[in-house]
Amino acid sequence: MKSEYAIKIMILIGLENRRVNAREIVKRCRAKLPLEFAEKILADLARNGILKAYRGRGGGYELAKGTEEITVYDIVTAVDNPTDAIKCFVDVDPTQESPETCTVNKIWEVVLEKMEDTLKSIKLKNLIEDYKARCNI
Numbered sequence: 605m606k607s608e609y610a611i612k613i614m615i616l617i618g619l620e621n622r623r624v625n626a627r628e629i630v631k632r633c634r635a636k637l638p639l640e641f642a643e644k645i646l647a648d649l650a651r652n653g654i655l656k657a658y659r660g661r662g663g664g665y666e667l668a669k670g671t672e673e674i675t676v677y678d679i680v681t682a683v684d685n686p687t688d689a690i691k692c693f694v695d696v697d698p699t700q701e702s703p704e705t706c707t708v709n710k711i712w713e714v715v716l717e718k719m720e721d722t723l724k725s726i727k728l729k730n731l732i733e734d735y736k737a738r739c740n741i
């Protein structure tokens with residue numbers, strides 16, 4: 605959920621192409637995004653170098669890099685650990701490993717690698733272009 609909202613927030617900031625504050629983002633987001641949740645996500649994105657944060661009057665957030673440089677992987681890993689979604693499928697005690705478990709774990713390792721590669725291949729610029737096409741902007 606956090607990753608999904610982070611991606612939505614980044615699309616909205618990328619569309620604005622200017623400094624925006626959390627209230628503006630929440631107002632523009634069609635998905636019901638609580639302000640406190642948005643602020644936490646924005647702080648995580650800024651702490652991880654995806655956004656620049658500005659304090660005080662006229663403060664807010666803007667992209668720290670160009671939309672062609674920011675990947676979905678960057679966004680997701682700034683707010684979540686994407687591997688947790690898959691690691692929860694196999695919770696193995698190393699002292700109890702069996703050949704079957706090792707085989708299953710190998711499958712999840714491949715899935716994790718493919719997921720990471722896919723997330724790294726999608727740029728924020730691509731998401732913004734898709735959003736504009738879908739919304740006729």
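Using our numbering, read the sequence shown as starting at 605 and increasing by one per residue. Backbone N, C-alpha and C fix where the C-beta goes; we use that ideal spot for every residue, glycine too.
In terms of alpha-carbon separation, which member of the options lies closest to residue i?
i      : options                        : result
SER725 : ARG622, THR671, ALA650         : THR671
ARG627 : ILE654, ILE611, GLY663, LYS656 : GLY663
ILE732 : ASN685, TRP712, MET605, ASN621 : ASN621
ALA682 : ALA737, LEU637, LYS727, LEU655 : LEU655
ALA668 : ARG634, TYR609, VAL624         : VAL624
Count the other CB atoms within 10 Å of the CB of residue i; is the residue buried (16 or more) or exposed (fewer)?
i      : result
THR707 : exposed
ASP678 : buried
ALA653 : One detail in the question is off: residue 653 reads as Gly in this sequence, not Ala. By the neighbour-count rule (16 or more Cβ atoms within 10 Å), GLY653 is not buried but exposed.
GLY618 : buried
LYS612 : buried
My output table needs one value for residue i: the three-state DSSP class, helix, strand or coil.
i      : result
ALA657 : strand
GLY618 : helix
THR671 : coil
LYS727 : strand
Please list the terminal residues of the continuous beta strand (DSSP E) segment that includes residue i.
i      : result
LEU819 : Nothing about residue 819 can be read from this structure; the chain reaches only from 605 to 741.
Which two residues bound the contiguous alpha helix (DSSP H) that contains residue i?
i      : result
VAL630 : 626 to 632
ALA745 : The structure shown does not extend to residue 745, since the chain is modelled only from 605 through 741, so no value can be given for it.
ASP684 : Looking at the DSSP string, ASP684 is not in any alpha helix (DSSP H), and its letter there is neither H nor E.
Quiz item: Touch check for the stretch 641 to 655 and the stretch 711 to 722: three-plus C-beta pairs under 8 Å?
Solution: no
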